[in-house]
Amino acid sequence: MLILHTAHTYAPELNGVAEVVRHISTRLAARGHELHVATSRPAGMPATETIEGVAVHRFDVEGEAVHGIHGNVQGYVEFVRSRPWDVLGMHYAPIWSTDVLLPHLAQIRAARVFIGHGLSIYRHPKYQPYLEKLGRGLLNTEAVVSLSPRLEESTLCRRLALLPPHIIPNGVDRSSWQAPLLGLRARWSIGNRPWLLSVANHSPVKEHGLFFELLKAVRRQQPDAVGTIIGNSYPAAKWRLGRLGVKGGCWYRCRARSFLWSERVLRPNLPREEVISAIGETDVVVITSRREASPVVMLESMAAGKPWVSFDVGCVRENAGGVVVGSLHEMTDVVLELLRDPERRRSLGAQGRARIAERHDWDVIAQQYESVYHEACKARSQSAAVLHAGASTVQMVQG
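Here the sequence shown is numbered in this note's numbering, starting from 22 and rising by one per residue.
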């Protein structure tokens, strides 16, 4: 199959969506399909290159439909319509790479598949007109994929009287979590102190401010506890200030808060192997986000055999190896309990590892996507045959 994945972010960028699309794309390419990815073009990146057997095409476009889309939109649309794709797989919404294509889906001859990563904006009043637009676009797709039946794609499909979405979870490259640890505790002067870790880019929805509050509350009872946020900044989208070097999200607030701590809290721009080692060396992985679908870092903490603590967001309740909490106070109590109980940490870590082996292997997940794509191609061919037969009948009647 000739497959195009669209996503606003892709390797070598390190974030949840980029990692998911990379793993699906590279594994489908390894299975003999021709894979292309259309994505954003960060400063200094080439317009086209091949990464791990995947042809990557980058476009100077940014934004999303509700707050505005800027850049070479026409060039992106022309590229998508320029090739006889068998499958068009659109990742995530609302974001420019999906939103720009919604009015054109009826004219795109590929089998069209929307891969949701959660629609956390589903009940937000500002986004209701957008959801109507997205719904009209989904009527011109052959399949919808969701990470979990708990997420909003299932609700949207019922609302539109569409077939239920295919449920395919995110995965983990288990081989990455078998590499030797790098000794970051010693390198970062943490030693044997209790260590809390957050891995999330500096988007406001990640609620890094709550991590600082959590660390402050934990240290009242565990004064030697250490906290680290591993996360990159990103260019500010408002008024396109990012082009002037202005950072977006909570980057500046986190920098200001970090000055109050004696040790280094923020660790941006780390190589992937250090991120993996940090998760493997920490005591507890903490997820303070108030909006998530299926946090990749949760799966990674499970693969590393480390316990996680999270608010009740997205489909986190489906996962093993951690504790779901309802408030910052409860999160503080649970974290303190885990820091004092190494046996429970080991038990939760073992549960997480077992679940990863059972449900979250990327090779199995790539096979599931391949099956959905084949089904979508078949449905598209049948639909085209029906339309062709209808057109022929009309011509005969008119003749």
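Even glycine gets a Cβ: it sits at the ideal position worked out from N, Cα and C. Note that the structure is predicted; figures quoted are calculated from it, not measured.
When Cβ pairs closer than 8 Å are counted between the two stretches, the segment 372-386 is seen to touch the segment 317-324, the count reaching three or more. Annotation for L25: the continuous beta strand (DSSP E) segment containing it runs 23-27. Note that the C-beta distance between A314 and G343 is not below 8 Å. In the structure shown, D120 falls within a helical segment according to DSSP collapsed to helix, strand and coil. Straight through space, the alpha carbons of L155 and W198 are spaced by roughly 37 Å. In this structure, N191 and L35 do not form a Cβ contact; the two beta carbons are roughly 15 Å apart against a cut-off of 8 Å. Rounded to the nearest whole angstrom, the CA to CA distance from I377 to I300 is 15 Å.
Within the same chain, Cβ atoms closer than 7 Å to the Cβ of V42 are found at H26, A28, Y31, V58, H112, the five residues on either side in sequence being excluded. Burial of E83 is indicated by the presence of at least 16 other C-beta atoms within 10 angstroms of its C-beta.
Taken through DSSP and simplified to helix, strand or coil, S315 comes out as coil. By a beta-carbon distance limit of 8 Å, V226 does not contact R338. Their separation comes to about 19 Å. Pairing V87 with L56 gives a Cβ-Cβ distance that is not under 8 Å. Contact between E173 and A132 does not hold, since their C-beta atoms are separated by about 23 Å, which reaches or exceeds 8 Å. By the Cβ criterion, the segment 65-72 is not in contact with the segment 98-118, since fewer than three pairs of Cβ atoms, one from each stretch, lie closer than 8 Å. Assignment of L172 by DSSP, reduced to helix, strand and coil, places it in the coil class. Rounded to whole angstroms, the gap between the alpha carbons of H229 and R288 is 13 Å. Taking the Cα positions, R171 is about 17 Å away from V346. Per DSSP, the continuous beta strand (DSSP E) segment holding R133 begins and ends at 132-136.
Taking N340 as the centre and dropping the five residues before and after it, the same chain places the C-beta of M319, M323, R376 closer than 7 Å to its C-beta, in chain order.
DSSP places V296 in no beta strand (DSSP E) but in the uninterrupted alpha helix (DSSP H) bounded by 293-302. Between the alpha carbons of D362 and D354 lies a distance of about 12 Å.
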